[in-house]
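Those letters in the first sequence? Residues 1 to 594, by the UniProt record's numbering.
Just so it is clear, CB atoms sit at the ideal spot from N, CA and C, and this is done for glycine as well.
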Amino acid sequence: MNNREVAELLGNVAAAYEVLEENPFKIRAYSQAGEAVANLSEDIRGDWEEGKLDDVPGVGPAIRSHLDELFRTGKVKHFEEVFKKLPAGLFPLLNVPGVGPKSAFKLAKQLGIDKEHNAIARLKKAGEQGEIEKIEGFGKESQEKILVGIEELLRRENKMLLPEAAELAERVIEYLKKSPQVLRVEMLGSLRRRASLVGDVDLAAATKNPEAVVRHFVDFPEWKQVLAEGGITARAIHRSGRQVDLKTESPERFGALLQHFTGSKAHNVALREYSLTKGFSLSEHGIKISKGPTLPRQGPTLKNFKTEEEFYKFLGLVWIPPEMREDRGEIEAGKLNGLPKLMELPQVKGDLHIHSNIDIETSHDLGASPLSEIVNQAEKMGYEYIAITDHNPSVSKHSEKQIVSLIKMRNESIDEFIRSRGMSMKTRVFKSLEIDILPDGRLSVPEEVLDFLDFVMVSIHSSFREIRADQTQRLIRALSYPKVKILGHPTGRKLLERDGIDCDWGEIFVVCKKRNIYLEVNANPRRLDLPDDLIKQAIEAGVKLSLGTDSHQVENMELMRYGVDQTRRGWAERKDVINCLGYNEIAKLLIVNC
DNA sequence: GCCGTTTTCGGCCCGACTGTTTTCAGTCG
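Below, the structure written as structure tokens:
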């Protein structure tokens, strides 16, 4: 059982308790535990194996013992007894937007949806045949809403990679700014927090005339369909099929709106709990002072905030960068003024993961761009250095001797290029190689090859599904070779395609720290690997990071900012990322025997 | 059922929107 499945199970228990009208706080406890598991990047089963379930927020003695039973026996007797009281078809219906536990129960019961596997299809059919509106408590409009919800469910299953969401948002923002009524526009939600995957694009506009701004928004020519248009908000579907929401607010209150809809939900819940202890009640409109010297008979007064900075300051906190708002300790840190000074894109002085088109008959994709274009681009970006990290020559097609001579050939071609450019070349080039880690942890090239490289990057490109202990030993063995300085895209995940490997990262961090090996934050938006929460843990363990775009063509070197976004989500400061060092300093770290 | 800078007992986030049950429950972010 993976995290998503465990989270779903806990969510189903919460929903079942809701239908059965259990204690509301017990319901919330299960639903919070479920969300916490869903947001975990560590494998929860691994946490259980190591006796660390207590570290998961929201998991106390009762839920821990249920999870213990789940991992030992594959099921939880108590949960099954609870579920038995309800139709099994109820649970898939919870995924339809607009359908919660109570409605799902009524629908499943009245429509006789008693199996999980075809529940959504049966609901859809019932809606199309007008069966839903006949149920007490539902009408024609709820029936229509459910059918729209089912469509949205099918569409929502593929979230957007960050750049797709960012580019769509920028198009709409550019259009919105054409209206003189729009005083300010900002991105909201997971997009503003620069999360690796984004659901809908949410935007906020500051205006004194919300109706005019909403009208302008719905007139955007690229909408396929306008879903809703109110006095202060609107929602539309873009021709790409992606949903865009707009919220408006007066400039005087814009700070509170921005804060509220930037989230994350977990951050906001934690912030409200913290604020309540001070007698403040937060909302998207501002802060109500519910305790202390409010005037009698007047009720709580609402305080307005133009900016987020003022909003956080009023709560006794410093402004928290959106990337950090995931309830990972940022409120505590903001209280003590102990927030890190996050690194920024202009501090990046080089790209440590680039593939060229020098043909050494590689095991994986050859780059598309010649070294000359790569260096030109690097100089344009103001880089002091780049690392050429082509894949190793394929092992099956070459003898060891041939591999060595291919690497020598590549070195000569790089050296010749550098000579030809002479003193005018501002960017220095590291000769490296991205070497495959074999299933047993050995490297896929003869050790002799390492002598011809400035440093080595190693990466996993196969056998992603080994069990944790094996995968951990595999990585440790790979990291023990001389000259290995960077572990490339450490988890091997591909967003929306496959999960990363299961591995005891704590052990890997120890090895990296001891041997001065750097963990890559791969900036390719399909990878963004290490993931943000592991970045945070790595930094806490004293491990330093290496940024690389994994570019196979020069255009992709521009994707560095997405890697920087993720390091910021992992609380990285300038000192945590070796790319912030100048050439002389980083050469000392990477080239061990120079 | 969880949790701790007023608490190991007694609390537990806030408001908008929607549709239908004509006064509010359910759902969402």
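Alpha carbon of residue i to alpha carbon of residue j, nearest angstrom
i	j	result
T567	L519	11 Å
Q259	E284	7 Å
R401	R419	The question names Arg, yet the displayed sequence has Lys at residue 401. So the two alpha carbons sit approximately 27 Å from each other.
V456	H267	40 Å
R526	V458	19 Å
T294	R272	Because T294 sits at a pLDDT of 43, beneath the cut-off of 50, its placement in the model cannot be relied upon, and the following sentence gives the value as read from the coordinates. Computed Cα separation, rounded: 20 Å.
K109	E136	12 Å
F280	W48	38 Å
E141	A538	51 Å
E585	E573	17 Å
A387	V213	48 Å
L191	R569	12 Å
G189	M409	50 Å
E128	K224	23 Å
A592	E167	Residue identity check: residue 592 is Val in the sequence provided, not Ala. Cα to Cα, V592 sits roughly 41 Å from E167.
K588	F71	47 Å
G292	A270	Any answer about G292 is weak, because its pLDDT of 49 lies below 50 and its placement is not dependable; what the coordinates show is given next. So the alpha carbons of these two residues sit roughly 22 Å apart.
M160	G241	11 Å
V96	N524	32 Å
R171	V185	12 Å
A33	G58	5 Å
I146	A121	12 Å
residue 610	L433	Absent from the model: residue 610. The displayed extent of the chain is 1 to 594, so no value can be given.
S394	I437	13 Å
H355	I403	17 Å
D504	E21	40 Å
I320	L107	43 Å
E310	N39	29 Å
L123	R474	48 Å
Whole-angstrom C-beta distance between residue j and residue i, which should lie under 8 Å
i	j	result
N579	K426	In fact, because the Cβ distance is near 16 Å, the residues do not count as touching under 8 Å.
I460	G492	5 Å
L545	V577	5 Å
T262	P322	5 Å
D529	P490	6 Å
I435	S424	Incorrect: roughly 32 Å between the Cβ atoms, too far for contact.
V56	V6	Going by Cβ atoms, the distance from V56 to V6 rounds to 10 Å, so no, they are not a contact pair.
A88	L111	That belief does not hold up - the Cβ atoms of A88 and L111 are roughly 13 Å apart, past 8 Å.
L487	I517	6 Å
R442	R477	7 Å
residue 596	L317	In the structure as shown, the chain begins at 1 and stops at 594. Residue 596 is therefore absent and cannot be evaluated.
L162	Y583	Not quite, the Cβ-Cβ distance comes to about 30 Å (not below 8 Å), so this is no contact.
Beta-bridge partners of residue i, as assigned by DSSP
i	result
residue 595	There is simply no residue 595 to check, as the chain begins at 1 and stops at 594 in what is shown.
T472	None; T472 has no bridge partner.
Q225	I237
P393	T362
D245	D202, R235
R184	A206
E151	Bridge partners of E151: none, in fact.
T307	Note: T307 sits in no beta bridge, so no partner.
D436	S459
S281	K288
L197	L161
L302	K288
L443	I437
D529	N522
### Completely contained alpha helix (DSSP H) runs for the segment 31-109, where each covers 4 or more residues
Fully enclosed alpha helix (DSSP H) runs of 4 or longer: 44-49, 61-73, 77-84, 90-93.
### Message
Just to confirm the assignment: which complete beta strand (DSSP E) runs, minimum length 3, are found wholly within the segment 312-356?
### Response
350-354
### Query
Does the segment 349-368 come within contact of the segment 380-392, defined as at least 3 CB pairs closer than 8 Å?
yes
### Message
So, does the segment 110-119 touch the segment 86-94, judging by three or more C-beta pairs under 8 Å?
### Response
yes
### Query
Are the segment 269-277 and the segment 227-246 touching by the rule of at least three beta carbon pairs closer than 8 Å?
no
### Query
Three or more beta-carbon pairs under 8 Å between the segment 199-214 and the segment 322-336, yes or no?
In short, these stretches do not touch, since the Cβ pair count stays below three.
### Query
Can you list, in chain order, the stretches of the beta strand (DSSP E) that have 3 or more residues and sit fully within the segment 542-578?
Runs of the beta strand (DSSP E) inside the segment 542-578: 545-548.
### Query
Do the segment 49-59 and the segment 539-549 meet, that is, are 3 or more Cβ pairs less than 8 Å apart?
no
### Task
Could you say if the segment 301-311 and the segment 243-255 meet the contact criterion of at least three C-beta pairs nearer than 8 Å?
yes
### Query
How do the segment 549-559 and the segment 352-370 stand: do at least 3 beta-carbon pairs fall below 8 Å, yes or no?
yes
### Continuous beta strand (DSSP E) assignments of at least 3 residues falling wholly in the segment 485-522
518-522
### Query
With contact counted as at least three CB pairs below 8 Å, one residue from each stretch, are the segment 73-90 and the segment 33-47 in contact?
no
### Query
Three or more beta-carbon pairs under 8 Å between the segment 206-223 and the segment 169-189, yes or no?
yes
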